[in-house]
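Report on the following structure.
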Amino acid sequence: YVWVRDASYSAEALLKAGLVLRGRDILSFLTSMIDPSSKSFDHPFYSVDGTAPPAEEEVPWLEGYRGSRPVRIGNGAYLQVQSDIEGAYLHALYEYYKATGDKEFVRDVWWAIEAIANWVKNSWKEKSTDIWEQRGVYEHFVHTKVMNWVAMDRAYKLAEEVGVSRPEWKEVAEEIREDVLANGYSERKKSFVRYYGSEEADAALLTLPLYGFVEARDPRFISTLERIEKELSVSKGLLLRYREDFIGEVVNPFTLVSTWLARVYVRLGKTKEAVETLKRLVECSTDLKLMAEHYERGACEPMGNFPHVFPHSGLIMAVTEIEEMGNGNYG
């Protein structure tokens, strides 16, 4: 399947690696899936030909790796409303523009930019699922709200670049940011939280400075980072996404999170810590340097989807940012 969020990350990683045409190819493919008449991306993921994914079904006569059950074909997330993915797409598109100055491409996909901005403008106050795709859980997730802000902020900036006036998009972005700062931060915990009204730690909050929502040295983020390091770390450089979900206690680290942590360290000028975090991640890869979605806690046994695009794209972004830091672009 083609996951909108994962593909957007891949496009961004390819751009950072200098493969701008390949990054643009991904963006063009994603653009072809956008529906301007409703939610921009009707599904969180699509079949590899860009069509709607099939419904999920269980296959009771099969067993998975190490006897795991149930085996499923398809993915139940195809019906989820994941409101963060439009922001991931527009951020990758904006990164493409910054890397190339290609106004012609921006004009070609303007219809998609406008469709997304209008949809987010009208829907950002609603609950949704989030990047972690817990089944049946709809909340005002902070990471999702931040990605709504990203969508409006990048749409406004792209509009400015091609000479289109959309001041209302900037106003909505500012409204979203104020809402998150008012409702997504716990004074008692001294940290941003997973969703409005909760006090849970969430590793997705590591992305806040990666998208420029707050500065990495903002005291509110520093205390959030310290809490994540304390509550979600399972070993050096490996972290959980959160503590509990509908299955129960979360025990296995999620590999993408390590790349976020490394990129945060880059922005704090902690190059040594960033490199050590990435080394730990790569140590658990296969002899072909392929990485899984999770690693088994206390071991380097790959778990979940394998190979998984998240850690690979995240690693590329982190390594290129470490190189950029050496040129004085971070810290």
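Using the UniProt record's numbering, the letters of the sequence shown map in sequence onto residues 1 to 331. Note that beta-carbon positions come from the ideal geometry of N, C-alpha and C, so glycine has one too.
Under 8 Å, do residue 176 and residue 148 count as touching if we go by C-beta distance?
yes
Sort out for me which residues DSSP pairs residue 191 with in a bridge.
186
Using CA atoms only, rank isn't needed, just tell me which of 254, 319 and 260 is closest to residue 301.
254
Residues in the same chain with beta-carbon distance under 7 Å from residue 156, minus the five sequence neighbours each way, listed in chain order, please.
166, 169, 170 and 173
Should residue 85 go down as buried or exposed, given a rule of 16 or more other Cβ atoms within 10 Å for buried?
buried
Out of 5, 30 and 118, point me to the one whose CA is closest to residue 38's CA.
118
Look up residue 73 in the DSSP assignment and give the residues it is bridged to.
57
Would you list the one or two residues that DSSP bridges to residue 46?
2
Assuming residue 239 contacts residue 314 under a Cβ cut-off of 8 Å, what Cβ separation, rounded to an integer in Å, is found between them?
Rounded, the Cβ-Cβ distance is 13 Å, inconsistent with contact.
Mind reading off the beta-carbon distance from residue 207 to residue 143? Whole number of angstroms is fine, and I expect it under 8 Å.
Right, their Cβ atoms sit about 7 Å apart.
Excluding sequence positions up to five away, which residues of its chain have a Cβ less than 6 Å from the Cβ of residue 9?
Closer than 6 Å at the Cβ level, and outside the excluded window around residue 9, lie 313.
Taking the Cβ atom as the reference point for each residue, do residue 241 and residue 274 lie within a distance shorter than 8 Å?
no
For residue 96 versus residue 15, is the C-beta distance shorter than 8 Å?
yes
How about residue 63 and residue 74: do their beta carbons lie closer than 8 Å?
no
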